[in-house]
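Have a look at the structure below, then the notes.
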Amino acid sequence: MKKQHQSSDNSSRIVQGLSNLDDWKRPLFSTLEDNQLALKSIFSRCSDVVFREFQLLDGTNVLCVYVNGMVAQEELELTVIEPLLEGKPIRAAQKRKIQQLDQVASHILEGDTAILADAYREATMVSLQQYEKRSIAEPLTEAVIRGSREGFIESIATNMMLIRRRIRSPKLKAEIMQVGTLTRTDVAVMYIEGLADPDIVGEVQNRIQAIEIDGILESGYIEEFITDTPYTVFPLIQDTERPDVVVAGLLEGRVAILVDGTPFALLAPMTFWVGMQAAEDYYVKYVSATLVRWVRYMFLFIALLLPSIYVAISTFHQEMLPTNLLISVAAARESSPFPAFIEALFMEITFEALREAGVRLPRPVGQSVSIVGGLVIGQAAVQAGIVSAPMVIVVSITGIASFIIPRFSTGFAIRMLRFPMIFLAGTLGLYGIVLGMLALLIHLASLRSFGIPYFSPLAPLKVSHLKDVFVRAPLWSLTRRPVNGMHADRQRMAVDQKPSPEDDMR
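As numbered in the numbering used here, residues 7 to 512 make up the sequence shown, in order.
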């Protein structure tokens with residue numbers, strides 16, 4: 007009874023001594039019983055944490071602690087439990103000694119297995135992690151026309167492997183830190199030493215380490231905390247699901263940020279022109295890539311300005327239309343009870359609602375709802391005389407144009423700016439559109455992404471770096487890296503790579 011009472015006193019003493027999180031930061035106890043009581047106090051009411059006790063041949067009591075579902079059970083038996091019971095050393099490849107109680111608890115929650123023995127003030131942490139994860143597949147948000155069909159998954163280790171497999175150089179650095187007081191999410195900062203600007207790398211790491219939040223669930227959390235200008239609709243950090251896009255960014259001297267639990271990686275710094283480029287631009291002939299880029303920029307202006315230009319001309323500047331076209335537009339709008347400004351807002355909001363509904367519904371149903379819904383509502387609105395047929399055509403062309411922008415975040419910014427441009431057109435006409443475009447250009451020119459001007463190399467102008475902005479010059483002429491940072495090594499290839507035809511065919 008006396009021994010049982012003493013054990014109860016020890017249990018009460020340990021539980022009371024570990025009432026706060028800061029109390030966990032202490033060395034392990036000298037007895038297995040105290041260590042077990044301490045860990046059970048830390049993991050109280052955690053039914054998925056397994057405490058397994060057994061005894062060695064020499065009579066030493068051993069405790070094995072792990073989280074059920076995060077450890078490979080068969081491998082644990084074969085490499086840890088059986089060798090210990092037979093008096094042999096642990097056969098696991100990855101193991102280390104830890105003396106701090108809080109570090110033992112932290113590694114257990116990360117999927118490691120803790121082995122504690124009586125009379126030892128240290129724990130052996132064995133890495134036998136096994137998580138359920140989906141297989142590597144084609145990314146859903148970035149269609150692959152040509153190139154690798156591998157996409158990131160929710161495992162940061164797998165995502166780092168996909169990058170490391172493509173850049174087989176020790177200059178590729180990967181530094182992992184944990185963010186979130188409760189989730190302790192792994193965040194990896196990857197860069198190529200000698201290409202990435204050390205100041206930018208240090209700034210990225212400092213901004214991430216300065217985040218104080220209870221949990222990080224997706225890379226969007228990191229993006230919002232470290233962005234230079236929080237009050238802008240334009241993305242200042244690129245997000246992607248494709249490993250080849252991340253590798254291309256690393257080779258340009260940019261910094262990649264990977265977050266455990268999400269397939270979306272971040273790339274910084276970013277310029278406006280990156281949002282208009284696709285990975286396939288560098289996988290096809292430069293003539294085709296240049297033509298496609300011109301189409302993108304043309305439809306960028308259509309997506310931003312077409313509804314507002316229609317509203318301005320039909321409301322204030324009818325004299326700009328040819329007579330026959332003006333008569334057709336006037337006849338089509340004769341039955342409409344609303345001004346063009348209200349028509350445009352109604353149709354644009356309806357189109358955005360259909361687009362959002364198509365995203366939220368199950369994939370096989372969502373596309374049908376968005377397409378059929380748009381056709382049915384547009385036709386019904388015209389027949390009912392609520393909106394005019396030209397407005398339906400304008401909004402439809404605008405919607406198609408917004409899908410041509412390759413980066414979703416950039417396209418979303420253009421979609422948001424469309425509404426204030428419509429408002430300016432409905433109140434001030436073309437003069438309002440000009441004012442809106444001037445304000446937009448000033449805003450874009452003032453933005454920076456980790457110190458890099460967002461509109462570079464157009465503002466500030468660097469003519470020699472425009473080879474990969476409005477056109478995609480041949481790869482053999484892109485001998486120097488773009489101005490995404492101050493590179494220690496600006497030269498990316500030899501200068502004499504231009505192919506030359508043979509004088510004679512043999």
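Here a beta-carbon is modelled for each residue, glycine too, at the ideal position from N, C-alpha and C.
{"Query": "Neighbourhood of residue 73 by C-beta, 7 Å cutoff - its chain only, sequence neighbours within 5 removed", "Result": "54, 55, 114, 115 and 117"}
{"Query": "Residue 504, DSSP secondary structure in three states", "Result": "coil"}
{"Query": "Stretch-stretch touch, CB-based, cutoff 8 Å, three pairs: the segment 67–86 with the segment 128–138", "Result": "yes"}
{"Query": "Spatial distance of residue 406 from residue 421 (CA atoms)", "Result": "11 Å"}
{"Query": "8 Å Cβ cutoff met for residue 129 and residue 142", "Result": "no"}
{"Query": "Through-space distance from residue 31 to residue 367, alpha-carbon basis", "Result": "48 Å"}
{"Query": "Beta-carbon proximity of residue 241 to residue 419, cut-off 8 Å", "Result": "yes"}
{"Query": "Proximity below 8 Å, CB of residue 455 to CB of residue 263", "Result": "no"}
{"Query": "Bridge partners - residue 321, DSSP secondary structure assignment", "Result": "None, per the DSSP bridge assignment."}
{"Query": "Residue 448 to residue 465 span [Cα, whole Å]", "Result": "10 Å"}
{"Query": "Span separating the alpha-carbon of residue 497 from that of residue 150", "Result": "29 Å"}
{"Query": "Helix, strand or coil at residue 499 [DSSP, three-state]", "Result": "coil"}
{"Query": "Between the CA atoms of residue 285 and residue 251 - distance to the nearest angstrom", "Result": "6 Å"}
{"Query": "Proximity of residue 313 and residue 354 at Cβ, strictly below 8 Å", "Result": "yes"}
{"Query": "Of the residues 291, 223, 201 and 430, the one placed nearest residue 187, counting alpha carbons only", "Result": "223"}
{"Query": "CA-to-CA distance, residue 391 to residue 513, given in whole angstroms", "Result": "Past the boundaries of the shown model lies residue 513; the chain is included only from 7 to 512, so the question cannot be answered."}
{"Query": "Closest Cα partner of residue 276 within the set 287, 90, 473 and 415", "Result": "415"}
{"Query": "Local conformation of residue 426 per DSSP, three classes", "Result": "helix"}
{"Query": "Residue 190 vs residue 112 beta-carbon contact at 8 Å", "Result": "yes"}
{"Query": "DSSP state of residue 121 mapped onto helix, strand, coil", "Result": "strand"}
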